[in-house]
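Residue 99 in UniProt numbering sits at position 99 of the sequence shown; the count goes up by one each step and never skips.
Built from N, CA and C at the ideal position, the CB exists for glycine as well.
Note that the structure is a prediction, hence the values are computed from the model and not measured.
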Amino acid sequence: MEHTLEQLSTLTDIPARTVRYYIQQGLVDRPTGSRKTARYSETHVEQLLTIKKWQSSGLSLDAIQRILKGEAAAPAIEAEPGSLRVLTHIHLAAGVELTIDPQKAGMNSEQLRTLSKQIVALIAAAEKDNTDD
1 MEHTLEQLST LTDIPARTVR YYIQQGLVDR PTGSRKTARY SETHVEQLLT
51 IKKWQSSGLS LDAIQRILKG EAAAPAIEAE PGSLRVLTHI HLAAGVELTI
101 DPQKAGMNSE QLRTLSKQIV ALIAAAEKDN TDD
């Protein structure tokens with residue numbers, strides 16, 4: 001799903017001006033399209049929410065940038081009582097489901113789709129091998 005800057009700002013509760021600043025600083029990927037027709041994906045939402053989470057845990061933008069560039073390790077952030085955590089559940093086959101915490105795994109939605117397609121292919125190959133025996 002694609003979003004306008006205004007929609008992205010509303011979804012993440014981050015002002016549009018701040019989003020533009022993060023893009024300028026290289027913390028968030030550039031949108032597709034030109035300025036007036038710029039579109040933002042779920043990857044942008046995930047990037048902004050990750051930055052917001054790390055900032056709320058006390059990290060500076062410089063520290064966050066080092067983590068995003070791979071120059072430093074992401075901190076382990078303990079869940080607060082009553083806090084929400086979003087997990088992705090992917091149905092792969094009958095009786096097979098994959099549960100991933102995308103933030104902890106450091107995976108965006110595109111990477112999750114690729115991973116699930118590869119696992120589905122492996123399951124199909126294993127099932128074919130079982131029927132050939």
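What residue from the options has the CA that sits closest to residue i's CA?
i	options	result
K104	Q47, T32 and I14	Q47
T99	I119, Y22 and G82	I119
I90	T114, G58 and Q7	T114
L49	T18, E97 and R35	T18
S25	S41, A121 and L68	Correcting the residue identity first, residue 25 is Gln in this sequence and not Ser. Checked all of S41, A121 and L68; the closest Cα to Q25 is L68.
W54	L27, T32, G33 and P31	L27
L56	P31, T32, S34 and S83	First, the amino acid is wrong: residue 56 is Ser here, not Leu. If we check each option's Cα against that of S56, S83 comes out closest.
Is there a Cβ of chain B sitting closer than 8 Å to that of residue i, yes or no?
i	result
A124	This model lacks chain B altogether, as it is built from one protein chain only.
With distances taken between CB atoms, is the gap from residue i to residue j smaller than 8 Å?
i	j	result
A74	I123	no
T43	D62	no
R39	E97	no
K52	T10	no
L59	T88	no
By how many angstroms is the C-alpha of residue j removed from the C-alpha of residue i?
i	j	result
I14	V45	10 Å
T4	I64	25 Å
K36	P81	42 Å
Starting from residue i, trace the alpha helix (DSSP H) in both directions and tell me its first and last residue.
i	result
T131	S109 to D132
E6	L5 to T12
P102	P102 to A105
3 or more residues per run - each beta strand (DSSP E) lying fully within the segment 19-99
Within the segment 19-99, the complete beta strand (DSSP E) runs of at least 3 residues are 88-93.
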